[in-house]
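In my numbering, the protein residues as written are 2 to 539. For glycine and all other residues, C-beta sits at the position ideal for the given N, C-alpha and C. Quick caveat: nothing in here was measured; it's all calculated off a predicted structure. Shown next, in structure tokens, is the structure this report addresses.
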């Protein structure tokens, strides 16, 4: 998934002023569990598009997961989706090529229009037709056709086996839009958004910079959707998201009471201090810490003369010290990762630890010596903008230069677009990359990263993986039974080292003491459920 922490794009609001969304109805509409409490959350994950056909970044999905329904959704702490707008869904073919869903009857969009199977078909076909270059259309590529059977049944025919389809449909890529409102061939303006989720979009506002800068970049206000017929029980009657340009500005606003809680946007050492203060009975904040599904790795350009040599990559894998990174650079707000698949997801293992164990200069030297590679090996290591500044890449440089085996030149690319272009053009030998999965399935942590069209652009392909193991995995509708397949894949990756998993980010939410419900929405699904957040009654 594309991340959005550094995006400064406008929200599509003419004139950079507050926009009240058309068709939202009265904010006094009755909603299950309406508690009369408002919540404001601060984040750095700026959103730019609120049409599901064009939204494919963490900031956009943060909002869409709370304003739209899909056929399925991920319950808290679950890695398998369950029915949402649907009352049942199942594969009706043994090879995972046909999928059938029955919708709940009587559902409506926030504008009062009925939600039917025709809207589901329209939504899927529309996203595939528009195929926005920045949108999620690629997640739906295996759908050959989708057909409505009456008002409440939908049948998907797939071009190839895809047991991850339910998980894909549970993301905003499968969000259901109103066919009477959304154009079939282009994106809808943000101020016209209509969904059927627990919230409706009340207003969107971007901030006019003063003196060339603005600490608060944007604000989105959500209010309860009185037409919502799903299972969520709202613990607040308004949820506001404020978007900040830096972790410092976000922390200052949290201290002042301008926001009630933050997502995982604080600088690591700041987060660690808040946690330490809480544990020592100091400060006025509470911390909820949980597992996140975000992973970070070193990737290699295997077409390069230096990093195309397996022994060089294996020597790097033998030298990196994940524990030191987690402790000294990230203040234990991340955890070492030896698997492409993170902790908490089916398919997690310790393939890289099993192969390389603890950092060992003598073993790294042996890899290079066996391949007759003279030392020190000159290596370029690149990074995009990091929340730790240069600490991460500087620490890795010192680790790799231990024992004189490598001579590392570091390069920081602050422009994320330029950094992405540089990777795709083979500009770097080794480079730091992060991955935010679209859904919590092992295939989504492996397939996009090590196949021919790898988003990491390593240039490495193994036909055992791309032609046999991954296709076999996608035939298994029981996702709990695929460990063996993905363990084999990760063993091959660990042996060939086109990338090195480094660490898994911990979810870290800081909040005022009166905020409740955060524990219910910090898990590996990546879904932040606004409706779970409330205020205590004291």
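Alpha-carbon spacing of residue i relative to residue j, whole angstroms
i, j, result
"residue 81", "residue 164", "11 Å"
"residue 263", "residue 60", "13 Å"
"residue 526", "residue 347", "12 Å"
"residue 156", "residue 86", "15 Å"
"residue 400", "residue 507", "23 Å"
"residue 356", "residue 166", "33 Å"
"residue 22", "residue 228", "Any reading at residue 22 is ruled out, since the residue's pLDDT is 36, under 50, leaving its predicted position unreliable."
"residue 519", "residue 245", "20 Å"
"residue 206", "residue 217", "10 Å"
"residue 421", "residue 115", "42 Å"
"residue 35", "residue 533", "Because the pLDDT at residue 35 is just 42, under 50, the model does not fix this residue reliably, and the value given afterwards should be weighed accordingly. Going from the Cα of residue 35 to the Cα of residue 533 covers about 12 Å."
"residue 274", "residue 510", "13 Å"
"residue 349", "residue 49", "33 Å"
"residue 222", "residue 302", "43 Å"
"residue 371", "residue 140", "43 Å"
"residue 278", "residue 335", "19 Å"
"residue 24", "residue 353", "Model confidence at residue 24 stands at a pLDDT of 33, short of 50, so the residue's coordinates are unreliable; what they give is reported in the following sentence. Cα to Cα, the separation comes out at about 53 Å."
"residue 517", "residue 529", "14 Å"
"residue 423", "residue 300", "13 Å"
"residue 102", "residue 93", "10 Å"
"residue 220", "residue 367", "55 Å"
"residue 415", "residue 385", "6 Å"
"residue 468", "residue 148", "30 Å"
"residue 481", "residue 503", "25 Å"
Contact check, residue i vs residue j, beta carbons under 8 Å
i, j, result
"residue 505", "residue 344", "yes"
"residue 365", "residue 319", "yes"
"residue 360", "residue 395", "no"
"residue 224", "residue 248", "no"
"residue 389", "residue 398", "no"
"residue 62", "residue 173", "yes"
"residue 331", "residue 269", "yes"
"residue 39", "residue 239", "yes"
"residue 340", "residue 351", "yes"
"residue 393", "residue 433", "yes"
"residue 290", "residue 276", "yes"
"residue 286", "residue 513", "yes"
"residue 43", "residue 288", "no"
"residue 304", "residue 427", "yes"
"residue 138", "residue 128", "yes"
"residue 51", "residue 202", "yes"
"residue 175", "residue 57", "no"
"residue 522", "residue 241", "no"
"residue 153", "residue 73", "no"
"residue 342", "residue 413", "no"
Among the options, the one whose alpha carbon lies nearest that of residue i
i, options, result
"residue 95", "192, 57, 476 and 516", "476"
"residue 144", "110, 151 and 99", "99"
"residue 531", "302, 233 and 101", "233"
"residue 1", "254, 315, 460 and 443", "This structure cannot speak to residue 1, because the chain is shown only from 2 to 539."
"residue 76", "335, 441 and 537", "441"
"residue 298", "109, 312 and 317", "317"
"residue 53", "46, 161 and 191", "191"
"residue 435", "127, 500, 538 and 473", "500"
"residue 524", "328, 292, 106 and 219", "292"
"residue 257", "535, 284 and 231", "284"
"residue 369", "141, 313, 385 and 148", "313"
"residue 460", "56, 447 and 425", "425"
"residue 456", "468, 535, 437 and 409", "437"
"residue 358", "386, 324 and 385", "324"
"residue 159", "47, 515 and 146", "146"
"residue 131", "183, 97, 515 and 169", "183"
"residue 329", "391, 416 and 342", "391"
"residue 125", "88, 108 and 171", "171"
"residue 204", "243, 90, 237 and 296", "243"
The ligand GDP heavy atom lying under 7 Å from the CB of residue i
i, result
"residue 85", "Judged by which ligands are present, the structure shown has none, so any question about the ligand GDP falls away."
Item checked: Contact the stretch 178 to 190 vs the stretch 110 to 125: 3+ CB pairs below 8 Å -> yes
Notebook entry, point to check: Are three or more beta carbon pairs between the stretch 461 to 476 and the stretch 185 to 200 nearer than 8 Å?
Noted result: no
Margin query: Assess contact between the stretch 192 to 208 and the stretch 57 to 71, defined as three or more Cβ pairs (one per stretch) separated by less than 8 Å. Is contact present?
Written below: yes
Notebook entry, point to check: At which residue ranges does the stretch 66 to 133 contain complete alpha helix (DSSP H) runs of 4 or more residues, listed in the order of the chain?
Noted result: 118 to 131
Notebook entry, point to check: Which whole runs of the beta strand (DSSP E) in the stretch 374 to 440 are 3 residues long or more, in chain order?
Noted result: 378 to 385, 407 to 414 and 431 to 436
Next item on the list: Any chance you could list the alpha helix (DSSP H) runs of at least 4 consecutive residues sitting entirely within the stretch 229 to 312, in chain order?
Entry: 248 to 257 and 269 to 280
Notebook entry, point to check: Looking at C-beta atoms only, is the number of pairs between the stretch 295 to 308 and the stretch 371 to 391 that lie closer than 8 Å three or more?
Noted result: yes
Check: With a cut-off of 8 Å, do at least 3 Cβ pairs link the stretch 444 to 451 to the stretch 494 to 503?
Finding: yes
Next item on the list: Starting from the N-terminal side, write out each stretch of the alpha helix (DSSP H) that is 4 residues or longer and does not extend beyond the stretch 450 to 487.
Entry: 471 to 474
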